Amino acid sequence: MACPGDVEVRASAGSTRVHGPLLQAAPPAAAPLSLRQCELQGPRIYQNSHRGQSFSHFHLLHQWDCYASSESTAWPPFFLRRRSAVTEVLAAPSHRLVISLADSGVCTAFDQDSGQQLCFLNLEADEVVRSLFLADRASPPSLITVSVFSGDSFKGLKVRSTPLSEIRAGRPHVWRPLFTSEAMYWPGFVEFDDYSSLAVTCCANTRLFKVWDLRAPFQPRFHVDSSGVVDFKVANSALVLTMDESDVAGQQLRILDLEHGICLKELCLQTVAGHDLECMQLVELFGRHLITKAVGGPLRITDVVDGSIREVSDAQFPAPQAFIHLPFNHAFLAFWEGHEAQLWSLKGERLATLEGVVLCMAAGTNIIWVSETQDLMFVFCKPGSSTPGDQHRVLPAADKATQQHGCIRVSCLLTGRQVAVLRHVPSAQHESRAGACKCRGAHAAAGDALAHITSLFYDQACHRLYTGTADGGVQAWGL
Numbered sequence: 402m403a404c405p406g407d408v409e410v411r412a413s414a415g416s417t418r419v420h421g422p423l424l425q426a427a428p429p430a431a432a433p434l435s436l437r438q439c440e441l442q443g444p445r446i447y448q449n450s451h452r453g454q455s456f457s458h459f460h461l462l463h464q465w466d467c468y469a470s471s472e473s474t475a476w477p478p479f480f481l482r483r484r485s486a487v488t489e490v491l492a493a494p495s496h497r498l499v500i501s502l503a504d505s506g507v508c509t510a511f512d513q514d515s516g517q518q519l520c521f522l523n524l525e526a527d528e529v530v531r532s533l534f535l536a537d538r539a540s541p542p543s544l545i546t547v548s549v550f551s552g553d554s555f556k557g558l559k560v561r562s563t564p565l566s567e568i569r570a571g572r573p574h575v576w577r578p579l580f581t582s583e584a585m586y587w588p589g590f591v592e593f594d595d596y597s598s599l600a601v602t603c604c605a606n607t608r609l610f611k612v613w614d615l616r617a618p619f620q621p622r623f624h625v626d627s628s629g630v631v632d633f634k635v636a637n638s639a640l641v642l643t644m645d646e647s648d649v650a651g652q653q654l655r656i657l658d659l660e661h662g663i664c665l666k667e668l669c670l671q672t673v674a675g676h677d678l679e680c681m682q683l684v685e686l687f688g689r690h691l692i693t694k695a696v697g698g699p700l701r702i703t704d705v706v707d708g709s710i711r712e713v714s715d716a717q718f719p720a721p722q723a724f725i726h727l728p729f730n731h732a733f734l735a736f737w738e739g740h741e742a743q744l745w746s747l748k749g750e751r752l753a754t755l756e757g758v759v760l761c762m763a764a765g766t767n768i769i770w771v772s773e774t775q776d777l778m779f780v781f782c783k784p785g786s787s788t789p790g791d792q793h794r795v796l797p798a799a800d801k802a803t804q805q806h807g808c809i810r811v812s813c814l815l816t817g818r819q820v821a822v823l824r825h826v827p828s829a830q831h832e833s834r835a836g837a838c839k840c841r842g843a844h845a846a847a848g849d850a851l852a853h854i855t856s857l858f859y860d861q862a863c864h865r866l867y868t869g870t871a872d873g874g875v876q877a878w879g880l
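So the sequence shown is numbered by the working numbering: it starts at 402 and just counts up by one.
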């Protein structure tokens with residue numbers, strides 16, 4: 402959801418969120434994880450294990466500066482020159498592009514192969530880009546940017562679509578505006594759904610939710626009056642509305658079809674003894690499963706088709722800081738600050754604890770990436786990150802470098818096991834790799850980058866990993 406002055410980031414499973422229809426026949430019961438490994442995923446596990454181990458041999462290929470400009474010393478504008486962390490990195494392999502967005506609002510496009518800076522996406526001197534959306538299924542494939550401007554005190558949102566081919570050619574001024582009929586200022590907003598290529602806007606004047614198809618973004622599909630709505634989420638080809646019609650019986654939810662706006666289901670979340678619904682911490686829709694949790698209450702997994710409910714106690718499952726749905730595996734990931742991430746089934750069963758995967762909340766979900774096939778996960782673990790159990794054990798020599806520089810852990814989501822660690826390599830071991838890197842001082846640069854990563858992106862098509870750092874740099878890692 403993009404709002405003036407405030408951008409909310411919700412985790413997604415990789416570059417596209419893949420979900421099934423909301424209301425359908427019950428899927429086959431999910432097999433135990435070990436059974437799925439043997440019968441359903443055997444060859445795939447071997448392939449992914451081999452591919453995963455190759456990440457340990459990744460080295461720094463390129464390093465770019467989001468703020469450098471060889472064309473003009475007057476750009477970017479002075480107020481955008483404050484160096485800040487790279488909050489998002491995107492790759493468009495079809496057009497050989499890498500696009501970065503810094504916290505200050507500077508948006509830069511690079512050539513994927515040479516690292517040459519192609520252009521800035523900030524078209525006006527007072528423009529601050531707040532969020533990006535890669536509409537690669539649109540015609541033509543485009544980058545959608547949401548910006549605010551200092552000229553109106555950053556109150557209004559401007560949304561535009563720029564063809565990737567024009568960015569590739571260094572012509573970012575060839576663009577078209579989106580949602581021009583909407584008054585996009587506070588409390589209005591826009592949110593994108595990458596699975597369905599839809600956008601949801603809320604107009605500040607009319608207070609209407611409108612759903613737009615980004616493949617034909619000139620007429621909305623339908624609209625919904627936001628009166629009585631206290632929150633909403635786009636999930637799994639559905640729009641989930643949380644209503645303010647609360648009473649002692651429970652909290653009202655409405656689930657709408659994203660195609661036509663038809664109400665598919667109305668639910669009432671029943672109160673749990675001793676817990677107030679106003680303290681609801683979690684409302685997520687994963688396929689046909691609605692996941693809710695109140696402060697101090699159990700995790701409740703409700704099947705919205707047959708009404709069955711499964712519960713997991715608060716002691717077993719405290720409220721997580723981040724969620725990622727894995728529909729291919731009928732599972733989800735949960736992250737807690739200072740504790741290892743866990744893989745759970747939609748039956749409320751803990752499938753695995755992910756070794757060494759500890760979330761740094763300073764960067765939120767920007768430092769987590771799940772591959773498009775949802776079999777590999779990449780997480781940056783900051784220097785010195787540890788779980789309570791690590792404080793009482795002797796670290797191997799390889800992990801001592803991780804304590805100083807940080808690392809990127811690669812985990813197999815089919816087994817829950819760690820398959821590779823991308824870490825700083827000591828100088829003596831690095832000699833054979835340094836020649837492959839085109840960057841001067843590659844050894845030191847790699848160590849510095851792994852100490853300050855703030856975002857990452859894995860390009861599965863090219864088998865490359867891109868990272869952004871706290872000083873406004875972007876790195877490409879590969880074989």
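Note that CB positions come from ideal geometry on N, CA and C, so glycine has one too. These figures come from a predicted structure and were not determined experimentally.
What three-state label does DSSP hand P578 in the structure shown?
Reduced to three states, the DSSP call for P578 is strand.
Work out the CA separation of S532 and V560 for me, nearest whole Å.
Rounded to whole angstroms, the gap between the alpha carbons of V560 and S532 is 10 Å.
Take every Cβ of the stretch 846-866, pair it with every Cβ of the stretch 487-501, and state whether three or more of those distances are shorter than 8 Å.
Under the three-pair Cβ rule at 8 Å, the stretch 846-866 counts as touching the stretch 487-501.
Starting from R569, trace the alpha helix (DSSP H) in both directions and tell me its first and last residue.
R569 -> alpha helix (DSSP H) spans 565-569.
Quick one, which of E712, F687, G708 has its alpha-carbon nearest A695's?
Restricting attention to E712, F687, G708, the CA atom closest to the CA of A695 is found in E712.
So, helix, strand or coil for T766, using DSSP?
Residue state for T766 is assigned as helix, using DSSP reduced to three classes.
Counterpart residues of V875 in DSSP-defined beta bridges:
Answer is W465, G869, bridged to V875.
The stretch 587-599 / the stretch 565-573 touching (three or more Cβ pairs under 8 Å):
Because the criterion of three Cβ pairs below 8 Å is not met, the stretch 587-599 and the stretch 565-573 do not touch.
Cα-Cα separation between A716 and Q722, rounded to whole angstroms
Cα to Cα, A716 sits roughly 16 Å from Q722.
Which one of F687, A720, G708 has the shortest CA to CA distance from P699?
Relative to the Cα of P699, the nearest Cα in the group F687, A720, G708 belongs to A720.
Which same chain residues, not among the five before or five after H864, have their C-beta less than 8 Å away from its C-beta?
For H864, where only same-chain residues beyond five positions count, the Cβ hits under 8 Å are R452, S455, G879, L880.
Please report the residue range of the beta strand (DSSP E) in which G651 lies.
It spans 651-658 - the beta strand (DSSP E) in which G651 sits, taken as one unbroken run.
Assigned exposure category for E528 - 16 Cβ within 10 Å defines buried
By the C-beta density criterion, E528 is buried, having at least 16 other C-beta atoms within 10 angstroms.
Per DSSP, C664 is paired with what?
Looking at the DSSP assignment, C664 forms a beta bridge with L657.
Check whether L752 and G817 have beta carbons under 8 Å apart
For L752 and G817, yes; Cβs fall inside 8 Å.
Any idea if A821 is buried or exposed, counting beta-carbon neighbours within 10 angstroms, 16 or more meaning buried?
So A821 ends up on the buried side.
On the criterion of 16 or more Cβ atoms from any shown chain inside 10 Å, does S833 qualify as buried, or is it exposed?
Residue confidence is low: S833 scores 45 on pLDDT, short of 50, so the model does not pin down where it sits. No coordinate-derived value is stated.
Going along the chain, which residues of its own chain have a beta-carbon closer than 7 Å to the beta-carbon of D632, five neighbours each way excluded?
Non-local beta-carbon contacts of D632 in its own chain, meaning distances under 7 Å to residues more than five positions away in sequence, involve T643 in chain order.
Run through DSSP, which three-state label would P728 get?
Look at P728 here: in three-state DSSP terms it is helix.
Could you compute how far the alpha carbon of Q861 sits from the alpha carbon of P564?
So the alpha carbons of these two residues sit roughly 22 Å apart.
When you compare only the Cα positions, how much space is there between G552 and N767?
C-alpha separation (whole angstroms): 29 Å.
Are the CB atoms of S598 and L615 nearer to each other than 8 Å?
S598 places its beta carbon less than 8 Å from that of L615.
Tell me which residues share the same chain as D658 and place their Cβ nearer than 6 Å to its Cβ, disregarding the 5 neighbours each side in the sequence.
Take D658, set aside five residues on each side of it, and the residues of its chain with a beta-carbon closer than 6 Å to its own are L665, in chain order.
Three-state secondary structure (DSSP) at A742?
The DSSP-derived three-state label of A742 is strand.
Based on the DSSP output, what are the partners of W737 in its beta bridges?
The bridge partners DSSP lists for W737 are H740.
From which residue to which residue does the beta strand (DSSP E) around R701 run?
Note, R701: beta strand (DSSP E), 700-704.
Please classify A847: does DSSP put it in a helix, a strand, or coil?
DSSP places A847 in helix when its eight states are reduced to three.
Mind checking whether K783 and G807 have CB atoms under 8 Å apart?
Yes, they are a contact pair.
Taking just the CA atoms, how far does H825 sit from V530?
If you take the alpha carbons of V530 and H825, they lie about 32 Å apart.
Anyone know if the C-beta pair for E667 and A636 falls short of 8 Å?
Contact check for E667 against A636 fails: the beta carbons are separated by 8 Å or more.
Close beta carbons around A503, own chain, < 6 Å, minus the five adjacent residues each side:
In chain order, C467, S485, V487, G873 place their CB closer than 6 Å to the CB of A503, counting only its own chain and leaving out the 5 sequence neighbours on each side.
Taking 8 Å as the cut-off, decide whether the C-beta atoms of A605 and W613 are in contact.
Not a contact, by the Cβ cut-off of 8 Å.
Once you ignore the five residues that flank Y447 on each side, which residues in its own chain have a CB closer than 6 Å to its CB?
Unreliable placement is indicated for Y447, whose pLDDT of 47 sits below 50; the coordinate value is still reported in the next sentence. For Y447, there are no CB contacts under 6 Å within the same chain when 5 residues up- and downstream are skipped.
Span of the beta strand (DSSP E) around T774:
Where T774 is concerned, there is no enclosing beta strand (DSSP E), because DSSP gives it neither an H nor an E.
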